[in-house]
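Input: a single structure, listed below in structure tokens.
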Amino acid sequence: MLHFEGETWTQGAFLREVQRLSGCFSRLGVTAGSRVVLMLENSPELLFSAFASHQLGSIAVPINPRCSVAEMDYVINDVEPSLIVSEGPMALGRIANLTRDGFRSDRGDLPSEQDRRFTGGPAAGDAAFLFYTSGTTSHPKGVLLSHRNILACLESLRQAWHWQENDRLLLVLPLFHVHGLIVAAHGSVWNGSEIVLHRKFDVEETLRDLQQYGCTLFMGVPTMYQRLLEAGATAGSGLRHQPFAAEQPHASLDSIRLFVSGSAPLPASTHGTFKRMFGHAILERYGMTETLMVLSNPYDGPRKAGSVGVPLPGVEVCLVDDSRQQVEKGDIGEIWVRGKAVFHQYWKNPNATRASFDQGWFKTGDVAYQDEEGHFFIVGRKSVDIIKCYGFKISAREIEDVLLELPSVAEVAVVGVPHTDKGEEIVAFVMPQQRVRDRTETCVEMGAAQLESVLREDVIGFLHTRLAHYKHPSRYFLVDALPRNTMGKVSKIDLKKRKEVVR
Ligand code: MLC
Ligand code: AMP
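First residue of the sequence shown? That's 123 in my numbering, and the numbers climb one at a time after it.
Next up, the structure:
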């Protein structure tokens, strides 16, 4: 059962929509192995399209519908789709473009051979999805996930989280990343449970529907939990119920059996306050687009605040030092992962694929230690160039390369700085081509408007043409020089620690 903005689809109605669409896709030229770009806001149509693509054995490529034109061009050139499903019409040469209106009005009959189900369609090893994810390089890479990868992850989560047919999930995560689309949406379909889908996360609608629909499951990124706490603590926030007493669990969320957090570190304080305020110990888990879900706190047994738990069923994890040796308990090492859910290749990028595996292990780039009981604690990432903001992975290099295209910019360094709501916020240090005469300090924070007047360029307008909004720096510093180490490389660690930056 799927609920969305007052409409409901039973399992049968859901399947009929999927089948109708797979017929429609097929007539538009989609075949096994061809790519179908899904550029839609959260909606039932996005889910129907993904499953229609699965039925045809094609590769679904979900992308952020609010991405910039440049980002969209990059993905479209990379995947060469045969179909783009979007909100509105696009002039894209020979690529078929199915708009939402076309989508709703297509009532064509189905070819009978396409009457296949999720598991009975393409062979389990065939590619199901291509997700674009940022790395340490400027452009995001396409992660090719097979049906086998996805089913391995979903089966592991079914066991670990006791996912059942009578569960009802409130789904507010964006459906263009694995957290929303694979873990939450496909997880629900795999278990035959219900979805209450929201277009996007809104605190009050979330609190309302958790109660109104009697939801049993909720999955979110730490920002969402932080905002739920703020709403809970604020009197007169428009909620139906009294403001929650900090020391008393809020009874109206009783139908929920599991709150899950992932995609970014959940601060131990958020875990503690949430437990006091709502009476639930959030279960934190760790994963990655390339590996799907890896570590999880236990469903039964204590959930340790600040820990991402232990390996999920069917997943092998080890911690490795710089000389590729496994570290002792308590010591820090890079997380390496092996298992059926781990992807096999980046799209058209054999060099990146080769570089990210070692003897069959995928090297995550995340750094952690294990306590005496075997629970993992993430301490950071190997690369300072990866930023996690709102649970989105962002490449500092990508933003730097865009800013460097401005003629007024000589050098630039982008870093992630801790932030209560976002997890990390994006901070840019900009060194202009021309020294600014009336300035004596070497590192001055300025708003975007002031930066534009100093640089005499439409910085923000330019960023909009190139990057989705969540990748735009939220703070700018004008500098005369960037700190460099003995090798001449910009020392981002020093920038992150600058007294002007730390709030
Ligand atoms: C958004 N913004 C816009 C805009 N839409 N600005 C102009 N025009 C528009 N149309 C702005 C927002 O105001 C905000 O700016 C910024 O863009 C970020 O947008 P947003 O993400 O929509 O922000 P917000 O609405 O505040 O929502 C926060 C959020 C959301 C946490 C609800 O970001 C979210 O759903 N995040 C989930 C990410 C996720 O699913 N990650 C999983 C990756 S998979 P400003 O200036 O206020 O910053 C993964 C693997 C794993 O990591 O382990 O799961
Ligand atoms: P993505 O590439 O968007 O799939 O993001 C994956 C990355 O998110 C991981 O490599 C981690 O850096 C981060 N991540 C996911 N879950 C957690 C978590 N629970 N705690 C800390 N970091 C996390």
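Each residue gets a CB set at the ideal place from its N, CA and C atoms; glycine is no exception.
Contact test: residue i Cβ vs the ligand AMP heavy atom, cutoff 7 Å
| i | result |
| --- | --- |
| D488 | yes |
| K515 | yes |
| R503 | yes |
| H308 | no |
| K593 | no |
| S478 | no |
| E406 | yes |
| T255 | yes |
Cα-Cα separation, residue i to residue j
| i | j | result |
| --- | --- | --- |
| A535 | P296 | 29 Å |
| L143 | F584 | 38 Å |
| A571 | D580 | 9 Å |
| G314 | K611 | 52 Å |
| H284 | I304 | 17 Å |
| G302 | V294 | 8 Å |
| A474 | I454 | 25 Å |
| G83 | A355 | Nothing about residue 83 can be reported from this structure: the residues present for the chain run from 123 to 625 only. |
| L528 | Y196 | 20 Å |
| K465 | A477 | Going by the sequence as given, residue 465 is Phe instead of Lys. Distance between the alpha carbons of F465 and A477: 14 Å. |
| H497 | M399 | 26 Å |
| L405 | G423 | 11 Å |
| V537 | Q555 | 21 Å |
| D331 | Q133 | 21 Å |
Member of the options whose CA lies at the smallest distance from the CA of residue i
| i | options | result |
| --- | --- | --- |
| A427 | T413, V305 and K397 | K397 |
| C189 | A532, I516 and N607 | I516 |
| I378 | D289, K611, K544 and A590 | D289 |
| S148 | E547, I206 and Q281 | I206 |
| P540 | I615, I272, A590 and P166 | I615 |
| C565 | P605, P595 and L351 | P605 |
| E139 | G354, E167, T153 and N271 | E167 |
| E567 | A590, D602, Q556 and H586 | D602 |
| N164 | P420, H299, H269 and L279 | H299 |
| I521 | R625, A532, S530 and D507 | D507 |
Residue i Cβ short of 7 Å to the ligand MLC heavy atom set
| i | result |
| --- | --- |
| K263 | no |
| G409 | yes |
| S268 | no |
| H320 | no |
| V539 | no |
| L295 | yes |
| Y468 | no |
| R188 | yes |
Residue(s) in a DSSP beta bridge with residue i
| i | result |
| --- | --- |
| P433 | L417 |
| E316 | R290 |
| I548 | G538 |
| F479 | F484 |
| Y491 | F499 |
| I454 | In DSSP, I454 forms no bridge with anything. |
Residue i, buried or exposed, once every other Cβ within 10 Å from all chains shown has been counted against 16
| i | result |
| --- | --- |
| N607 | exposed |
| M194 | buried |
| I185 | buried |
| Q364 | Note that Q364 scores 44 on pLDDT, short of 50, meaning its location in the model is unreliable and no value can be drawn from it. |
| H591 | exposed |
| N199 | exposed |
| T392 | buried |
| S171 | buried |
| K470 | exposed |
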